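Below is one structure, written out as C-alpha cells; the observations come after it.
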Ligand code: PLP
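Numbering (this note's numbering), first residue to last: 1210 to 1659.
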C-alpha cells in the first residue's frame, strides 16, 4: 500500500517541475536525487553521480560541507529569522554586506540583498528606474540583454532572458526588453571572418539596435561575463572592450549578471575580473552560499546608490524590501562560505586544477561528433556537430547533446546541455583525480554516442 502510494508520487507528482516536460513527468516521473557527498549526488535507487554541473552551476563547495551546516545551526539557535528592513538589521546580515563590499571589484559598493538570482536581477531593474529618474534620465526604460542568456524566472527577468521559446509560452517579453546577439564565433562567424571582424559585426548590430530604438530610451544592458546558459560562449577578441566603449558612447549603463560567474567559477573571484569588465552594478547568488541556502545580492556603485538615496529622500523612504532579503541564516551561511573560500584558498585550488580540467575536455576535440571544446576556470563545454566537415554541418538543435546527457547519466555523470553543447562546471572543490574520473565517464558516454 505504502509502495503504491510512493509509485503514484513518482508518476504523477504534485510537484510542478521547472525546465521539464510536464506531460512526461506524469508518465516517467522525475529522477529523484536523495543525498549528496562531495562532488557526488545519489538517487533514490542508490546510484551515485558526479554532479558535473554543480546542479544549476551553483554548489561550489560540494554537497556535504559540514562547516556550512554548522554555520546554519549556529544562526538558527541565535536568531532563526528576522527581516532586515524598517530600520532594523541583523548583525550577520550587515556583516555579509560588509564582506561583499570588500570582495567585489566595485569600490565602496552598496549592497542590497535578496533571496534568488531572479530577485537580484529584478530588484536591479527596478532600482535603475529610480536611479535614472533622479539623474535626469527618466526617458530611459528599456533593457538590452543577449539572446540565449538566462537571467531568471520572474516576469521581468524572464523577459530579459534571451530564449524565444521560453518567451512564447508566457507571452513574453514584456515591452522594452531588447535582445542582441550572443557573440558565438563558432556558430555565427561568416566564412573567412576572423574574430576581430566578427566582433565588429556583432557590435555593429548592437549599434543598429540602439539607434533603431533610440539611445535616449535605453537604460542599461545586462550580460553575464560569459554565459553558461548559452553554452559557454567565450567573448571573441575585443568584445568586452568594444561593448563597453559602445555603451558608454550612448550613456547606457552596463550591469554584470554574475549569478553563475561570481565566486570563482571562471578562476578569479568574479567573471568581471576574468574578462576586464567594469560594470556599474553586479548581481550575485548561487555559489555565494555554496547554494546551501537562497541568498542573492545587488552590488551597486556609489554614484548609482546615491541616486537611489535621492529617490528615497523624495519619497520619504526607500519603498522597497523583501521579507527574506537577507535572511539571517542564509546570510550566516554565505558569510561562512566566503570565509571558507579564503581559509582554503579555493581560488588557488581552481587555478591549480583548471589546466587539468581544460586538458581533459580538449582531449575530446578529435571525436568525429565534437566540433569545439572550450573552458575557462572550472567551466567548460563540448560542442557537438553532426559532422566535422564542413565544420558547422547542420544538425537539429540539441539532439546530440540531449542524447549524450542520457548516456552520461547511465555512466554516472550529470551534465547540462544548452543547445548543441554539453557544459561541465563541477563543484570548485573537485580534486585532480575526480576530474580524471569525470572525464573518463564523459569519454565513455561519448563512446556510446558514436
Ligand atoms: N542569472 C543567471 C545567469 C542564472 O543562471 C540564473 C539561474 O540559473 C539566474 C540569474 C536566476 O537565478 P535563480 O534561479 O536563483 O532565480
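Glycine is no exception: its CB is placed at the ideal position from the N, C-alpha and C atoms. Bear in mind the structure is a predicted one, so any value in this text is a computation, not a measurement.
query: Best match in 1561, 1511, 1335 and 1626 for proximity to residue 1319 [C-alpha to C-alpha]; result: 1511
query: Beta-carbon separation (whole angstroms), residue 1620 vs residue 1590, contact threshold 8 Å; result: Between residue 1590 and residue 1620 the Cβ distance is about 18 Å, and since that is not below 8 Å, they are no contact.
query: Inter-residue Cα distance where the pair is residue 1462 and residue 1635; result: 32 Å
query: Paired residues, beta bridge with residue 1522 - DSSP; result: Its beta-bridge partners do not exist; DSSP assigns none.
query: Top-ranked residue by Cα proximity to residue 1458, from 1397, 1478, 1429 and 1439; result: 1429
query: C-alpha distance - residue 1478 paired with residue 1221, whole-angstrom precision; result: 42 Å
query: Beta carbon of residue 1475 nearer than 8 Å to that of residue 1443; result: no
query: Cα-Cα separation between residue 1574 and residue 1530, rounded to whole angstroms; result: 49 Å
query: DSSP-derived helix/strand/coil call for residue 1593; result: strand
query: Inter-residue Cα distance where the pair is residue 1630 and residue 1584; result: 12 Å
query: Under 8 Å between C-beta atoms of residue 1327 and residue 1294; result: no
query: C-beta contact flag for residue 1537 and residue 1299 at 8 Å; result: yes
query: Straight-line Cα distance separating residue 1413 from residue 1426; result: 19 Å
query: Ligand 1 heavy atom lying under 7 Å from the CB of residue 1466; result: yes
query: DSSP three-state assignment for residue 1463, whether helix, strand or coil; result: strand
query: Cβ pair residue 1440, residue 1628 closer than 8 Å; result: yes
query: Classification of residue 1663 by the beta-carbon crowding that lies within 10 angstroms, buried from 16 upward; result: With the chain covering only 1210 through 1659, there is no way to say anything about residue 1663.
query: DSSP beta-bridge partners of residue 1386; result: 1352
query: Distance, residue 1253 Cα to residue 1213 Cα; result: The predicted model places residue 1213 with a pLDDT of 49, which falls under 50 and marks its position as unreliable; any figure quoted below should be read in that light. Straight-line Cα distance between these residues: approximately 16 Å.
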